[in-house]
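Student: Numbering (numbering that gives the first Met the number 0), first residue to last: 0 to 188.
Just so it is clear, CB atoms sit at the ideal spot from N, CA and C, and this is done for glycine as well.
To start, I am sharing the structure in question, which I have written as structure tokens.
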Amino acid sequence: MVGKLTSLVSATLLLAGGFSPAGAQAPADPQAPPAPPPMRRPGGFGGGERHRPNATPEEMEKFKNVRKALDELTPEQRQRFQENFLRWSNLSPEEKKALTDRYAFRRKKIDEDIDAAIKEAGLELDAQRRELFARRYGEERQRIEEQIRREMDEKRRPLLKEVIAKLKAEFAPVAVPGRPSGVPAPPVP
């Protein structure tokens with residue numbers, strides 16, 4: 000769901016902001032009354048059937064998909080998305096570009112991994128089946144990565160305890176005549 004949501008966020012930004020891919024919008028009529036505030040649904044994003052009059056049908060369809068994806072999120076996921084969206088909004092253009100570049104690199108690497116997996120499996124898939132394969136591959140890969148993270152955490156814990164014990168002994172204050180207490184002893188070679 001998160002990957003799907005990430006790919007749909009650009010449509011939200013496109014439709015929610017004042018950006019039009021065809022170019023700059025005409026300036027607003029200064030004599031026109033201000034637009035009414037957007038209606039809000041309880042617990043949801045956006046409101047009603049409000050839309051941008053200059054949005055193409057494709058943009059509107061993407062926007063509906065984004066709204067559906069957002070509505071399917073749990074309240075915790077929705078809250079995290081809103082916080083991330085606000086953080087993104089406050090980033091400088093350079094920071095946004097750096098994150099976008101990093102995402103594009105990661106996406107390219109994932110696509111290469113999927114292509115390699117399809118080739119290794121000896122499959123020839125049409126676009127729809129490739130998309131399904133990619134989704135399943137991503138789910139399984141994510142499950143494996145989480146399992147590896149848990150295993151690494153379990154292995155790391157006792158090693159860190161050893162390091163902490165060693166450092167505690169190394170940096171513990173040593174009572175030496177003529178040296179004030181609390182001053183660590185010099186390192187032992």
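Is N83 helix, strand or coil by DSSP?
Tutor: Looking at N83 - three-state DSSP - the assignment turns out to be helix.
Student: How should K61 be labelled, buried or exposed, when 16 other C-beta atoms within 10 angstroms of its C-beta is the threshold for buried?
Tutor: Classification of K61: buried, given that the 10 Å Cβ count is 16 or more.
Student: At least one CB of chain D closer than 9 angstroms to the CB of L69: is that the case?
Tutor: Absent from the structure is chain D; it holds one protein chain and no more.
Student: Go to A103, then tell me how far its alpha helix (DSSP H) extends in each direction, as first and last residue.
Tutor: Residues 92 to 120.
Student: Does DSSP put L124 in a helix, a strand or coil?
Tutor: Correct three-state label for L124: coil.
Student: To which residues of the same chain is E169 closer than 6 angstroms at the C-beta, ignoring the five residues directly before and after it?
Tutor: So the list is empty, once near-sequence residues are dropped.
Student: Contact between the segment 101 to 117 and the segment 128 to 144: three or more CB pairs below 8 angstroms?
Tutor: A contact exists between the segment 101 to 117 and the segment 128 to 144.
Student: Should L69 and R77 be called a contact, given that it needs their Cβ atoms to be closer than 9 angstroms?
Tutor: Contact: yes.
Student: With A54 as the anchor, note down where its alpha helix (DSSP H) starts and where it stops.
Tutor: Element bounds for A54: n/a, residue is neither H nor E.
Student: Just the Cα atoms here: how many angstroms apart are E161 and R155?
Tutor: Their Cα atoms are separated by approximately 10 angstroms.
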